[in-house]
Structure formats: C-alpha cells, structure tokens
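Below: the structure, in structure tokens.
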Amino acid sequence: MYELSRVRLYSIGPAGARYADTVLDLRGVGEPVPSPAPAQAEFFEDEPVGPPRRPAPAGVLFLENGGGKSVLLKLIFSVMLPGHRNTLGGASSGVLRKFLLADDCG
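So the sequence shown is numbered by the working numbering: it starts at 429 and just counts up by one.
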C-alpha cells in the first residue's frame, strides 16, 4: 500500500493565504521498514540516518478557524483523488480554480 511521506506546496493556495514553498515531512517516525527496504529516487533531500522507517501513521494540525486546514486537505487530496477535485469537502464546483493565480505554472 502506498503511504504519504512528504508533501510539497509551492506557489499555490487562495490569494490571501498562499503556500510559498512548504514541505511537510512525515518520514522516519513510524515503524521500521522490513528488510530489504525498497529503494526510491531522492526527490527532496537525503533520508534521515538509521534504518528506513515508515511515515507517520497520523498527524495533528492545530490552527485557528480560518487558518487553512481545509485548504491544505483540498490541495493534498486534489492530487490523490483527481476525479473528486471539484467536490472535496462539499465545496461548490470549481473551488480549486481560486487556488491558482494567472502567473502560476506547473
């Protein structure tokens, strides 16, 4: 089963609260990976030292109302569930269009 180990948000989000260049790193805190561990190309930086470990099984994000918790989830799941990108969270269709500005590319 696939597990989410890192999320990079770069120049995306609504106009008032954009992610400039943010990496959420969930690696190296879960259970050890049994040997032999699968190898994968490096996308961000070197893996932590020691035996390979699974990503965090759970995480908590504490923010006030309007802090961006729903925006973060919409952005992550728009990639993981592309067929549901306009309806995630019960929002009206086209909600993700507000997260990309005219000068954004990618």
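Glycine included, every Cβ here is placed at the ideal spot set by N, Cα and C.
By the C-beta density criterion, Leu503 is buried, having at least 16 other C-beta atoms within 10 angstroms. In the DSSP assignment, Ser498 falls within the alpha helix (DSSP H) that extends over 497-508. Inter-segment contact for the segment 454-464 and the segment 437-445 is absent: fewer than three beta-carbon pairs are separated by less than 8 angstroms. A direct Cα-Cα distance of roughly 11 angstroms separates Tyr447 from Leu528. The beta carbon of Lys526 is closer than 7 angstroms to those of Pro442 in its chain, skipping five residues each way along the sequence. If the five residues before and after Leu489 are omitted, its C-beta is found closer than 8 angstroms to the C-beta atoms of Lys497, Leu500, all from its own chain and listed in chain order. Under the criterion of beta carbons closer than 8 angstroms, Pro483 and Leu454 qualify as touching, at roughly 4 angstroms.
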